[in-house]
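Have a look at the structure below, then the notes.
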Amino acid sequence: MNLDAAKAALSHLDLDVNPASIKAKSRDFFWYSPVLKARLDHVTADFVVTPRTEAEVIEVLKVCHAHDVPVTTRGTGTGNYGQAMPLAGGCVMHLHKMNRIKDIQPGRVIVEPGALLKDIDEACAPHQELRMYSSTWATATIGGFVAGGSGGVGSVRWGGLRDLGNIIRLRVVTMEAEPRVLDFTGEEIHRISHAYGTNGIITELEMPLAPAYDWVQIFVTLDDFAAANRMAYDLAAEDGILIKLATVFEAPIAQDYFQRVAPHVGTGQAVVALMVAPHAMGGFLTFLARHPAQIIYRSDSTKWDREPGQIFEYCWNHTTLRAMKVDTSITYLQVGYGSDDPLPLVEEVRARFSPEVLQHVEVTRSGGRVAMGGLSLVKFTTEDRLDEIIRQHEEMGALIFNPHRYTLEEGGRQTVDLRQLEFKREADPKGLLNPGKMIAWDDPDWAYDRMYAWPGLRKAA
Ligand code: FAD
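Note that the sequence shown covers residues 0 to 460 in numbering that gives the first Met the number 0.
And the structure:
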């Protein structure tokens with residue numbers, strides 16, 4: 000890699016060579032995982048470049064290709080799997096200034112990748128909004144969400160990001176001697192979505208919109224976790240009640256980690272967080288009266304001395320963040336309980352592991368059915384114990400998306416995504432895009448019998 004030549008060729012762009020800010024822009028939320036923290040803490044790029052247009056992205060990719068410099072793309076670096084960490088050093092291409100919202104039409108919006116989820120929603124208000132967003136809505140980019148995220152607030156109605164129809168079109172730049180610009184729709188979208196920027200750079204997105212509402216944000220308590228889970232599941236299955244979020248917390252998650260909520264929750268009670276459309280409140284209250292549940296907060300009428308803020312910022316991976324602020328030994332697991340009667344499996348897992356593993360369940364939708372996933376809180380002791388907890392989850396039939404691994408495959412279903420691999424062969428022949436994140440590219444025969452350690456990972460100084 001010829002860093003000096005690349006930096007010289009890019010010096011007319013917004014180039015950052017200050018070691019402290021390079022280090023800051025080389026990090027994401029990998030430290031949620033003690034396993035990744037131990038391995039990636041020293042990782043840093045050699046320079047950061049901030050393109051403002053697609054033409055500048057093309058220039059960066061062309062120059063870095065010519066000088067064999069790896070390029071790791073960054074939205075705002077809120078990923079938890081070390082997705083945006085430049086394992087081989089080189090260039091971090093920071094896209095947060097490519098943030099134009101180009102066009103809003105009924106049912107769709109066209110944006111640049113660095114637009115924040117929040118800014119897109121604000122631009123589309125008051126009648127439309129994104130179908131789904133990560134709970135990092137206020138800080139994350141749409142490009143990072145599509146390339147590194149999976150779903151979130153809204154997934155209880157719309158499923159995951161990779162479900163058909165949830166991305167309309169992606170415009171992609173390749174990393175070749177002469178970069179190409181390609182528009183992907185249909186099956187082609189799967190080449191590049193959730194590929195961590197390993198096989199192309201998204202420079203424009205067309206995303207579907209949903210009708211916007213002033214969602215009523217609600218906390219409900221129930222005495223029993225299983226009843227809370229059942230209530231959330233049944234609510235999501237009520238076709239006539241429009242909700243955007245249903246999250247269940249086993250005790251004592253709310254009591255110990257949600258400071259503003261805790262005074263309103265009894266010992267041992269489970270808590271459910273909900274977002275309900277205002278016009279669905281009548282149906283919702285009728286539904287709730289059939290369950291042993293009590294509303295402790297609703298954003299349209301309750302006044303607490305200390306307001307809780309946005310309810311979705313207690314959910315998805317914000318739950319882990321809140322827990323880690325109180326107890327630094329906490330980490331988490333991303334669990335799939337499926338859509339085939341998931342409640343007994345959640346209960347079985349809870350019974351086996353609580354309180355070492357506490358259940359935080361997100362209700363979603365998959366294949367037209369209500370599904371459940373977990374971002375379970377884990378009291379971390381050792382890596383061996385963590386691996387054993389994962390092994391037992393899998394033995395019980397739960398799917399683990401291991402957040403203690405930095406490769407696409409290990410953080411996914413431990414299988415090679417041929418569409419992504421084949422497109423990488425075509426679009427990144429030198430293997431310079433976010434290197435170290437795709438095992439299939441580096442070691443096609445890898446057996447997935449232990450944690451993959453990419454040989455190219457830069458050593459700590
Ligand atoms: P980054 O972290 O900067 O990038 C993510 C990945 O995408 C990286 O691999 C990067 O190289 C790649 N990338 C970025 N831009 C491009 C581009 N234009 N082209 C190609 N590749 C690109 N995730 C969820 O899915 N749902 C959640 O609800 C959720 N909640 C979270 C809560 C907290 C508190 C935290 C810390 C994280 C959470 N996450 C969640 C993870 C993360 O916040 C989201 O996935 C987020 O949308 C990522 O956006 P970003 O701009 O920070 O992306």
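Every residue gets a Cβ at the ideal spot worked out from N, C-alpha and C, and that includes glycine.
Can you check the stretch 99-170 for any beta strand (DSSP E) of at least 3 residues that lies completely inside it and give the ranges in chain order?
100-104, 107-110 and 127-129
Specify whether the stretch 93-102 and the stretch 110-118 touch according to this definition: at least 3 beta carbon pairs, one from each stretch, less than 8 Å apart.
yes
Cβ atoms of residue 59 and residue 48: under 9 Å apart, would you say?
Stepping through the sequence shown from its first residue, residue 48 is reached at position 49. Stepping through the sequence shown from its first residue, residue 59 is reached at position 60. Yes, Cβ-Cβ distance for residue 48 and residue 59 is below 9 Å.
Specify, as a first and last residue, the run of the alpha helix (DSSP H) that residue 423 falls within.
The count along the sequence shown starts at 1 and reaches residue 423 at position 424. First-last of the alpha helix (DSSP H) with residue 423: 417-426.
Thinking C-alpha only, which one of 130, 270, 221 and 284 is nearest residue 107?
For the purposes of this step, residue 107 is taken as the residue at position 108 of the sequence shown. Comparing Cα positions, the closest option is 130.
Taking 8 Å as the cut-off, is the beta-carbon of residue 436 closer than that to any non-hydrogen atom of ligand 1?
What you label residue 436 is simply residue 437 of the sequence shown in a count that begins at 1. At least one heavy atom of ligand 1 is nearer than 8 Å to the Cβ of residue 436, so yes.
Taking 8 Å as the cut-off, is the CB of residue 104 close to at least one heavy atom of ligand 1?
Residue mapping note: residue 104 aligns to position 105 of the sequence shown, counting from 1. Result no, Cβ not under 8 Å from ligand 1.
On the DSSP letters alone, give me the boundaries of the alpha helix (DSSP H) that residue 323 sits inside.
Within the sequence shown, residue 323 is the residue found at index 324, counting from 1. That run of the alpha helix (DSSP H) goes 316-325.
So does residue 256 have its beta carbon nearer than 8 Å to some heavy atom of ligand 1?
Your numbering for residue 256 matches position 257 in the sequence shown. No, the beta carbon of residue 256 sits no closer than 8 Å to any heavy atom of ligand 1.
Is the beta carbon of residue 276 closer than 9 Å to that of residue 242?
Residue numbering aside, residue 242 sits at position 243 when the sequence shown is read from its first letter. Residue numbering aside, residue 276 sits at position 277 when the sequence shown is read from its first letter. Cβ distance < 9 Å, so residue 242 and residue 276 count as in contact.
On a CA-only basis, which of 115, 172, 211 and 184 is nearest residue 95? Give me that one, please.
Taking the first residue of the sequence shown as position 1, residue 95 is located at position 96. Minimum Cα distance to residue 95 is reached at 115.
Can you grab the Cα-Cα spacing for the pair residue 459 / residue 78, in whole Å?
Within the sequence shown, residue 459 is the residue found at index 460, counting from 1. Within the sequence shown, residue 78 is the residue found at index 79, counting from 1. Roughly 22 Å between the two C-alpha positions.
Out of 235, 344 and 429, point me to the one whose CA is closest to residue 368's CA.
Against the sequence shown, residue 368 aligns to sequence position 369. For residue 368, the nearest C-alpha among the options comes from 235.
State the DSSP-derived secondary structure class of residue 22, mapped to helix, strand or coil.
Taking the first residue of the sequence shown as 1, we reach residue 22 at position 23. Three-state result, residue 22: helix.
Just to confirm, are residue 346 and residue 225 a CB contact at a threshold of 9 Å?
Locating residue 346 in the sequence shown gives position 347, counting from the first residue. Locating residue 225 in the sequence shown gives position 226, counting from the first residue. Yes, these two residues count as a Cβ contact at 9 Å.
For residue 217 versus residue 132, is the C-beta spacing smaller than 9 Å?
In the sequence shown, the residue the question calls residue 217 occupies position 218. In the sequence shown, the residue the question calls residue 132 occupies position 133. In this structure, residue 132 does not lie closer than 9 Å to residue 217 by Cβ.
When the Cβ atoms of the stretch 414-429 are set against those of the stretch 193-200, are three or more pairs found closer than 8 Å?
yes
Suppose contacts are defined by Cβ-Cβ distances below 9 Å. Is residue 377 in contact with residue 287 by that definition?
For the purposes of this step, residue 377 is identified with residue 378 of the sequence shown, where counting begins at 1. For the purposes of this step, residue 287 is identified with residue 288 of the sequence shown, where counting begins at 1. Cβ distance not < 9 Å, so residue 377 and residue 287 don't count as in contact.
Check whether the Cβ atoms of residue 357 and residue 375 sit closer than 9 Å, and answer yes or no.
What you label residue 357 is simply residue 358 of the sequence shown in a count that begins at 1. What you label residue 375 is simply residue 376 of the sequence shown in a count that begins at 1. Going by C-beta atoms, residue 357 is nearer than 9 Å to residue 375.
Mind checking whether residue 91 and residue 5 have CB atoms under 9 Å apart?
In the sequence shown, residue 91 corresponds to position 92, counting from 1. In the sequence shown, residue 5 corresponds to position 6, counting from 1. No, Cβ-Cβ distance for residue 91 and residue 5 is not below 9 Å.
Determine contact between the stretch 408-415 and the stretch 440-453, defined as no fewer than three beta-carbon pairs at a distance below 8 Å.
yes
From which residue to which residue does the alpha helix (DSSP H) around residue 224 run?
Against the sequence shown, residue 224 aligns to sequence position 225. Taken as a continuous stretch (DSSP letters only), the alpha helix (DSSP H) holding residue 224 covers 224-236.
My output table needs one value for residue 361: the three-state DSSP class, helix, strand or coil.
For the purposes of this step, residue 361 is taken as the residue at position 362 of the sequence shown. Three-state result, residue 361: strand.
May I ask you to check if the CB of residue 73 is nearer than 8 Å to at least one heavy atom of ligand 1?
Numbered from its first residue, the sequence shown carries residue 73 at position 74. Residue 73: yes, Cβ under 8 Å from ligand 1.
Taking all protein chains shown into account, decide if residue 427 is buried (16 or more other Cβ within 10 angstroms of its Cβ) or exposed.
Numbered from 1 along the sequence shown, position 428 holds the residue referred to as residue 427. Residue 427 is buried by the Cβ-count criterion.
Please report how far the alpha carbon of residue 302 lies from the alpha carbon of residue 120, in whole angstroms.
Reading the sequence shown from its first residue, position 303 is the one you call residue 302. Reading the sequence shown from its first residue, position 121 is the one you call residue 120. Cα to Cα, the separation comes out at about 26 Å.
State yes or no: is the C-beta of residue 248 nearer than 8 Å to some heavy atom of ligand 1?
Walking along the sequence shown from the start, residue 248 turns up at place 249. Because no heavy atom of ligand 1 lies under 8 Å away, the Cβ of residue 248 does not count as near it: no.
Quick check on DSSP: helix, strand or coil for residue 460?
Working through the sequence shown from its first residue, we reach residue 460 at position 461. Coil, per DSSP.
In this structure, how does DSSP classify residue 203 when only helix, strand and coil are distinguished?
As a working note, residue 203 is residue 204 in the sequence shown. Three-state result, residue 203: strand.
What are the boundary residues of the beta strand (DSSP E) that includes residue 12?
In the sequence shown, counting from the first residue as 1, residue 12 sits at position 13. Premise fails: residue 12 is in no beta strand (DSSP E) and is neither H nor E.
Quick test of the definition: if touching needs 3 or more C-beta pairs under 8 Å, does the stretch 261-279 touch the stretch 382-393?
no
Would you kindly work out how many angstroms separate the C-alpha atoms of residue 315 and residue 163, rounded to a whole number?
Position 316 of the sequence shown, counting from 1, holds the residue named residue 315. Position 164 of the sequence shown, counting from 1, holds the residue named residue 163. Whole-angstrom Cα-Cα distance: 22 Å.
I want to see whether chain D comes within less than 9 Å of residue 104, judged by CB atoms only; does it?
Absent here is chain D; the protein component of the structure consists of one chain.
For the alpha helix (DSSP H) containing residue 42, name the first residue and the last one.
The residue given as residue 42 occupies position 43 in the sequence shown. Run containing residue 42: none; DSSP gives neither H nor E here.
Using only the alpha-carbon positions, how far apart do residue 415 and residue 437 sit?
For the purposes of this step, residue 415 is identified with residue 416 of the sequence shown, where counting begins at 1. For the purposes of this step, residue 437 is identified with residue 438 of the sequence shown, where counting begins at 1. Residue 415 and residue 437: Cα-Cα distance of roughly 9 Å.
Based on the DSSP secondary-structure assignment, which residues constitute the bridge partners of residue 371?
Locating residue 371 in the sequence shown gives position 372, counting from the first residue. Bridge partners of residue 371: 337 and 362.
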